[in-house]
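Trainee: Input: one structure, supplied below.
Numbering (UniProt numbering), first residue to last: 1 to 96.
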């Protein structure tokens, strides 16, 4: 269904590998989401978690430039970059 829509509207889908979270810009949004919604919480059920998630998204959209949000995004981007460097920074071995 999505591929059909994309083809019909001349949209090229670019899939990122599952091992390359650093290549997907949306990943930087998940860190603050974990920080503000999930970490240290004990939601009794999915309904409560969903409500908390929706409340966070409403707040996030209303306060997109809030210093706490910007700081959390910077931390997550740094974490993702460091993960990438740790994983991919080994120098390539040269053939003898």
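Note that beta-carbon positions come from the ideal geometry of N, C-alpha and C, so glycine has one too. Quick caveat: nothing in here was measured; it's all calculated off a predicted structure.
Just to check my reading of the structure: residue 66 and residue 52 have Cβ atoms closer than 8 Å, yes? What is that Cβ distance to the nearest angstrom?
Mentor: As a working mapping, residue 66 is identified with position 66 in the chain shown. As a working mapping, residue 52 is identified with position 52 in the chain shown. Contact flag wrong, Cβ pair sits at about 18 Å.
Trainee: Distance, Cα to Cα, residue 60 vs residue 38?
Mentor: Taking the chain shown and counting its residues from 1, the one referred to as residue 60 is at position 60. Taking the chain shown and counting its residues from 1, the one referred to as residue 38 is at position 38. Roughly 15 Å separates the two Cα atoms.
Trainee: Have a look at residue 15 and residue 55 and give me their C-alpha separation to the nearest angstrom.
Mentor: If you number the chain shown from 1, residue 15 lands on position 15. If you number the chain shown from 1, residue 55 lands on position 55. Roughly 30 Å between the two C-alpha positions.
Trainee: Give the single residue among 33, 74, 72 whose Cα lies nearest to the Cα of residue 57.
Mentor: Taking the first residue of the chain shown as 1, we reach residue 57 at position 57. Of 33, 74, 72, the residue nearest in Cα terms is 33.
Trainee: Using a beta-carbon distance below 8 Å, is residue 16 in contact with chain D?
Mentor: Looking for chain D here will not work: only one protein chain is present.
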